[in-house]
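J.:
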Amino acid sequence: MWRLLACVLMASVLQARDLRTRQTICPNVCDLSRCSSALESCYFGVVKDRCDCCAVCAAGEGEYCGDRGHGVCGQGMTCEYRTSARGTQCAAAMGELTPNRRAEMSGIPAVIFIQRGPCET
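Just so you know, the sequence shown maps onto residues -16 to -1, 1 to 105 in mature numbering (1 follows the signal peptide of the UniProt record, and there is no 0).
1) Considering only residues of the same chain and omitting the five flanking positions on each side of Arg6, which have a CB-CB separation below 8 angstroms?
2) Identify the continuous beta strand (DSSP E) that holds Tyr48 and give its terminal residues.
3) Helix, strand or coil: which one does DSSP assign to Arg(-14)?
4) Is the CB of Tyr48 under 8 angstroms away from at least one CB in chain C?
5) Return yes when the Cβ of Gly58 is within less than 8 angstroms of the Cβ of Ala42, no when it is not.
6) Where does Glu104 fall in DSSP's three states?
7) When the distance is taken between beta carbons, is Gly44 closer than 8 angstroms to Tyr27?
8) Which residues share a DSSP beta bridge with Arg18?
9) Locate the beta strand (DSSP E) running through Arg66, then write down its first and last residues.
10) Under the rule that 16 or more other beta-carbon atoms within 10 Å means buried, what is Gly101, buried or exposed?
11) Contact defined as beta carbons within less than 8 angstroms: I believe Glu104 pairs with Gln73. What is the distance between those atoms, to the nearest angstrom?
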């Protein structure tokens, strides 16, 4: 019984690894001419793509990340599994403050911390 369980587990691990390899098709040689040049409005920074070839816009807080072709999270964020979203999403790393790059790039004044807790009425 244990041998059967071990065989089934090993087969599922190998199948998952094979599926992940097929989902990310990377060229043997990085061709920078095929990379996008529209990186001026990357609110969450710029990161390398899955193939470690092209610079792409990073995924921001609440955006999907990880497997299945989704993006790589920006600086100060981690890719976490969310049951409510049925997938992985970028979230601020514990203890990290992430700048509001969208506000910075739009010329909007920065948000400043005033107080903890609810507002007094």
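Heads up, the beta-carbon is just placed ideally off N, CA and C, and yes, glycines get one too.
T.: To lay it out plainly:
1) Here Arg6 scores only 46 on pLDDT, less than 50, and its place in the model should not be relied on; the value that follows carries that caveat. So the list is empty, once near-sequence residues are dropped.
2) From DSSP, Tyr48 is part of no beta strand (DSSP E); its letter is neither H nor E.
3) In this structure, Arg(-14) counts as helix in the three-state DSSP scheme.
4) Protein chains in the displayed structure number just one, and chain C is not present.
5) Contact annotation: Ala42 and Gly58 have beta-carbon atoms nearer than 8 angstroms.
6) DSSP places Glu104 in coil when its eight states are reduced to three.
7) Taking the C-beta atoms as reference points, Gly44 is found nearer than 8 angstroms to Tyr27.
8) Secondary-structure assignment with DSSP links Arg18 through no beta bridge to anything.
9) First-last of the beta strand (DSSP E) with Arg66: Met61 to Arg66.
10) Per the 10 Å Cβ criterion, exposed.
11) That belief does not hold up - the Cβ atoms of Glu104 and Gln73 are roughly 34 angstroms apart, past 8 angstroms.
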